[in-house]
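S.K.:
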Amino acid sequence: MDLKKLLYVGTVLNIIGIILLVFWTEICTTVLHSKLTLSKTSLSFKLWKEPPIPIHLSIYLFDWTNAETVIKSKWRVKPQFEERGPFVFIEHHVRDIISWNENDTLSYQQRRIWKFVPGLSKGSIFDNVTSVNPIVAILGNKVKGMKFITPLVNSMLWYYNEKLYITKTVSEWLFEGYEDPIISHIIEYNIPGVEIPFNRVGWFYSRNDSATYEGTYTIYSGRSDINLLGTMSLWNGVNKTDEYDDLCSYISGSSGELYPPFTKKRQLSIFLTDICSTITLERKGEESVFGINGAKFIGTDYNFDNGSKYETQKCFSTDSLPSGTRDISKCKYGAPAFISYPHFYLADPSYGTRVEGLQPNKTKHETHITLEPNTGVPLNASAKLQLNLYIESVKGMSVFQNVIPTYMPIVWFQEDSSLTEKYCNLIEVFKQLSTGGLYFGGFLLAVGMFSIILAWYSMNGLVCRRTYTDLLVDEEYRT
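Under the numbering used here, the first residue of the sequence shown is numbered 44, with each subsequent residue one higher.
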């Protein structure tokens, strides 16, 4: 090859190699941001609006097996519970956009669609399960201290033969719901202080495919600041809730599906509309899914601490609760509802000593999510929470006579999702391109340098040979 051409090629390869080494990471980051940012044309928006990733909701109901015995013994016998399930449902999400806002946020409503999967379930949705009577528990909680209303409500409960426990099918407890005549009575006579904003009882009643149940989310699109991608800005048009005080009232954290890339955070916060508040996961180690390594975040005792260990959690605590639950009664229409980990995992021992049949287990009951750190994409997630109803003796209400204050486990939920191999392969392609470009840049730089050095030595050798030849010719001429 002509030495000038070799020198030219080497110089060009050097320039390209240096450009790749200096700018390739920035180029990849820019391309990644364009794919992750929520816009009407971005890839992530399409996948986020109607995710193709399968989600399974497993529901476990607590069957109060000795309810009648406990009542007859005047609560000298502990409530005994038997876990029933799982009752597994395929869950599909659809997000309906309301508006794209000027401050790089978008507002939307989320529909969750569930379909029962008998093959993955243990038991039938027509099995009977006995539990605390939710309507009785709600009414007892609402009328505490209301001297003039309590006798009226007590008479209503007696008239309709309402008990502290009730037996219904799994289907009725979940999506179908069941009618309770006392609800119609309360609605008809509009009894002050005991309003009930639903006409059937069921933990998921009226929720399947509802666009309004979870309210309106407003999240950041990440266009101006990728570090805000998926972060909650508002819920139902406000940035604070009325359920808690101080910092605990603020809408904060992710909406639960989108996370910024290149995260090095030690904590991950997620806002849950079901509890009108945020939970925080702690980074603990790594996990691999289809060969893709990710940062694993788990639920710790921080979330349901009463402020005795973590001062920032004090604003969640009411009435000096032992650590292990969070009062969500204001979020659930005044029901004496408390959220915890399943089987009171990581809770103060006092919760478990009041009842029998619970077996907290880290492997079964730990909440966790694993994020691929370069893209922020969740590789897998398993969210687990338990609903409990608090019951105690209520003055003037015979149905609560002799009741020992107890947090009664009602139902716990496990929502699982995992990235498929197809999408893990896409992440792997991006990672290979990110590092491959740098290696290729280094290769071009090396080849370019070698070409320049080769050309330089060749040209030096040629000059030396020409000089030597000229000297010989000159010497010969002189002689």
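Just so it is clear, CB atoms sit at the ideal spot from N, CA and C, and this is done for glycine as well.
All of these numbers come straight from a predicted model, not from anything done at the bench.
By the 10 Å Cβ neighbour count, where 16 or more other Cβ atoms means buried, how is Phe169 classified, buried or exposed?
M.R.: Taking the sequence shown and counting its residues from 1, one reaches residue 169 at position 126. It is exposed - the Cβ of Phe169 has fewer than 16 other Cβ atoms within 10 Å.
S.K.: Name the DSSP beta bridge partners of Ser174, please?
M.R.: Here residue 174 refers to the residue found at position 131 of the sequence shown. Looking at the DSSP assignment, Ser174 forms a beta bridge with Ile209.
S.K.: Which residues in the same chain as Glu93 place their Cβ atom closer than 6 angstroms to its Cβ, once the five residues preceding and following it in sequence are excluded?
M.R.: Within the sequence shown, the letter at position 50 stands for residue 93. Answer for Glu93: Val137, listed in chain order.
S.K.: Look up Met275 in the DSSP assignment and give the residues it is bridged to.
M.R.: In the sequence shown, residue 275 corresponds to position 232, counting from 1. Paired residues: Ile262.
S.K.: Only counting the same chain, and skipping five residues up and downstream in sequence, which positions put a Cβ closer than 6 angstroms to that of Thr413?
M.R.: Residue numbering aside, residue 413 sits at position 370 when the sequence shown is read from its first letter. The residues are Glu330, Gly337, Lys339, Leu422, Asn423.
S.K.: Ordered along the chain, which non-local residues of its own chain (more than five positions away) have a Cβ less than 8 angstroms from that of Ile318?
M.R.: By one-based count along the sequence shown, residue 318 stands at place 275. Counting only Cβ-Cβ distances below 8 angstroms, and skipping sequence neighbours, we find Arg369, Ile371, Cys374, Ile382, Leu428.
S.K.: Starting from Pro194 and walking both ways along the alpha helix (DSSP H), at which residues does that stretch end?
M.R.: Here the question's residue 194 lines up with position 151 in the sequence shown. 193 to 202 is the span of the alpha helix (DSSP H), which, as asked, contains Pro194.
S.K.: Does DSSP put Trp455 in a helix, in a strand, or in coil?
M.R.: If you number the sequence shown from 1, residue 455 lands on position 412. Three-state DSSP puts Trp455 in a strand.
S.K.: Taking contact to mean at least 3 C-beta pairs separated by less than 8 angstroms, is the stretch 286 to 293 in contact with the stretch 83 to 102?
M.R.: Contact between the stretch 286 to 293 and the stretch 83 to 102 is absent, because fewer than three Cβ pairs lie under 8 angstroms.
S.K.: Can the beta-carbon of Ile229 be found closer than 8 angstroms to that of Asn242?
M.R.: Numbered from 1 along the sequence shown, position 186 holds the residue referred to as residue 229. Numbered from 1 along the sequence shown, position 199 holds the residue referred to as residue 242. Cβ atoms of Ile229 and Asn242: not closer than 8 angstroms.
S.K.: So Val131 is in the alpha helix (DSSP H); what residue range does that whole segment cover?
M.R.: Here the question's residue 131 lines up with position 88 in the sequence shown. Taken as a continuous stretch (DSSP letters only), Val131 belongs to no alpha helix (DSSP H), being part of the beta strand (DSSP E) at 124 to 143.
S.K.: Do Leu364 and Ala180 have their beta-carbon atoms positioned less than 8 angstroms apart in this structure?
M.R.: What you label residue 180 is simply residue 137 of the sequence shown in a count that begins at 1. What you label residue 364 is simply residue 321 of the sequence shown in a count that begins at 1. No, these two residues do not count as a Cβ contact at 8 angstroms.
S.K.: Check Ser82 in the structure and name its three-state DSSP category.
M.R.: Translated into positions along the sequence shown, residue 82 becomes position 39. In the structure shown, Ser82 sits in coil (DSSP, three-state: anything other than H, G, I, E or B).
S.K.: Opposite Thr112 in the DSSP bridges: which residues?
M.R.: In the sequence shown, counting from the first residue as 1, residue 112 sits at position 69. According to DSSP, Thr112 bridges with nothing at all.
S.K.: Have a look at Ile61 and Lys327 and give me their C-alpha separation to the nearest angstrom.
M.R.: Within the sequence shown, numbered from 1, the residue matching residue 61 stands at position 18. Within the sequence shown, numbered from 1, the residue matching residue 327 stands at position 284. Cα to Cα, Ile61 sits roughly 38 angstroms from Lys327.
S.K.: Counting pairs of beta carbons, one from the stretch 156 to 166 and one from the stretch 258 to 278, are three or more of them closer than 8 angstroms?
M.R.: Short answer: they don't touch.
S.K.: Would you mind working out which of Ser360, Ala390, Val186, Gly350 sits nearest Tyr287, comparing C-alpha positions?
M.R.: Indexing the sequence shown from 1 puts residue 287 at position 244. Nearest option by C-alpha distance: Ser360.
S.K.: Taking the alpha-carbon of Asp459 as reference, which of Val131, Asp147, Asn109, Val442 has the nearest alpha-carbon?
M.R.: Locating residue 459 in the sequence shown gives position 416, where the first residue counts as 1. Comparing Cα-Cα distances from Asp459 to each of Val131, Asp147, Asn109, Val442, the minimum goes to Val131.
S.K.: Using a Cβ distance threshold of 8 angstroms, determine whether the stretch 191 to 205 contacts the stretch 143 to 155, with at least three qualifying pairs required.
M.R.: Result no; under three Cβ-Cβ pairs closer than 8 angstroms.
S.K.: Suppose you measure from the CA of Lys405 to the CA of Asp344; what does that come to, to the nearest Å?
M.R.: Position 362 of the sequence shown, counting from 1, holds the residue named residue 405. Position 301 of the sequence shown, counting from 1, holds the residue named residue 344. In a straight line, the C-alpha of Lys405 is about 12 angstroms away from that of Asp344.
S.K.: For Tyr151 and Pro129, which I take to be in contact (beta-carbon distance under 8 angstroms), what is that distance rounded to the nearest angstrom?
M.R.: As a working mapping, residue 151 is identified with position 108 in the sequence shown. As a working mapping, residue 129 is identified with position 86 in the sequence shown. Contact doesn't hold; Cβ gap of about 30 angstroms is too wide.
S.K.: How would you call Gly183, buried or exposed, if buried means at least 16 neighbouring beta carbons within 10 angstroms?
M.R.: Mapped onto the sequence shown, residue 183 falls at position 140. When all chains shown are included, Gly183 counts as buried.
S.K.: Where do the N-terminal and C-terminal ends of the alpha helix (DSSP H) with Gly395 fall, by residue?
M.R.: Locating residue 395 in the sequence shown gives position 352, where the first residue counts as 1. Run containing Gly395: 392 to 396, per the alpha helix (DSSP H) assignment.
S.K.: Candidates Asp223, Ile269, Ile192, Glu215: which alpha carbon is nearest Trp246's?
M.R.: For the purposes of this step, residue 246 is taken as the residue at position 203 of the sequence shown. Per the Cα distances, Glu215.
S.K.: Who does Trp107 pair with in a DSSP beta bridge?
M.R.: Looking up residue 107 in the sequence shown gives position 64. Phe124.
S.K.: Which residues in the same chain have their Cβ closer than 6 angstroms to the Cβ of Gly350, if we skip the five residues on either side of it in sequence?
M.R.: Your numbering for residue 350 matches position 307 in the sequence shown. Hits under 6 angstroms: Gln356, Lys357, Ser360.
S.K.: Look at Val175 and Ile453 and say whether their C-beta atoms are less than 8 angstroms apart.
M.R.: Locating residue 175 in the sequence shown gives position 132, counting from the first residue. Locating residue 453 in the sequence shown gives position 410, counting from the first residue. Yes, Cβ-Cβ distance for Val175 and Ile453 is below 8 angstroms.
S.K.: Quick one: is Asp348 buried, meaning 16 or more other Cβ sit within 10 Å of its Cβ, or exposed?
M.R.: In the sequence shown, residue 348 corresponds to position 305, counting from 1. Under this definition Asp348 is a buried residue.
S.K.: Residue range of the alpha helix (DSSP H) that Glu231 falls in?
M.R.: Position 188 of the sequence shown, counted from the first residue, corresponds to residue 231. Residues 224 to 232.
S.K.: Among Val472, Lys438, Thr463, Trp455, whose alpha-carbon lies nearest the alpha-carbon of Val196?
M.R.: Counted from its first residue, the sequence shown places residue 196 at position 153. The shortest C-alpha separation from Val196 is found at Lys438.
S.K.: Helix, strand or coil, according to DSSP, for Pro421 in the structure here?
M.R.: The residue labelled residue 421 in the question sits at position 378 within the sequence shown. DSSP places Pro421 in strand when its eight states are reduced to three.
S.K.: Short of 7 angstroms in beta carbon distance, which residues of its chain neighbour Lys165, apart from the five on each side in sequence? Order them along the chain.
M.R.: The sequence position of residue 165 within the sequence shown is 122, counting from 1. Hits under 7 angstroms: Gly128, Pro129.
S.K.: With C-beta atoms as the reference, is Ser312 less than 8 angstroms away from Gly296?
M.R.: Working through the sequence shown from its first residue, we reach residue 312 at position 269. Working through the sequence shown from its first residue, we reach residue 296 at position 253. Their beta carbons are under 8 angstroms apart, which means Ser312 touches Gly296 by this criterion.
S.K.: Excluding sequence positions up to five away, which residues of its chain have a Cβ less than 7 angstroms from the Cβ of Ile341?
M.R.: Within the sequence shown, the letter at position 298 stands for residue 341. Only Leu324, Glu325, Lys327, Glu409, Thr410, His411 meet the Cβ criterion.
S.K.: Could you tell me the alpha carbon to alpha carbon distance between Ala254 and Ile58, rounded to whole angstroms?
M.R.: Numbered from its first residue, the sequence shown carries residue 254 at position 211. Numbered from its first residue, the sequence shown carries residue 58 at position 15. Whole-angstrom Cα-Cα distance: 55 angstroms.
S.K.: Where does Asn171 land, buried or exposed, given buried means 16+ other C-beta within 10 angstroms?
M.R.: As a first step, residue 171 is located in the sequence shown; it is residue number 128 there, counting from the start. Its Cβ having fewer than 16 others within 10 Å, Asn171 is exposed.
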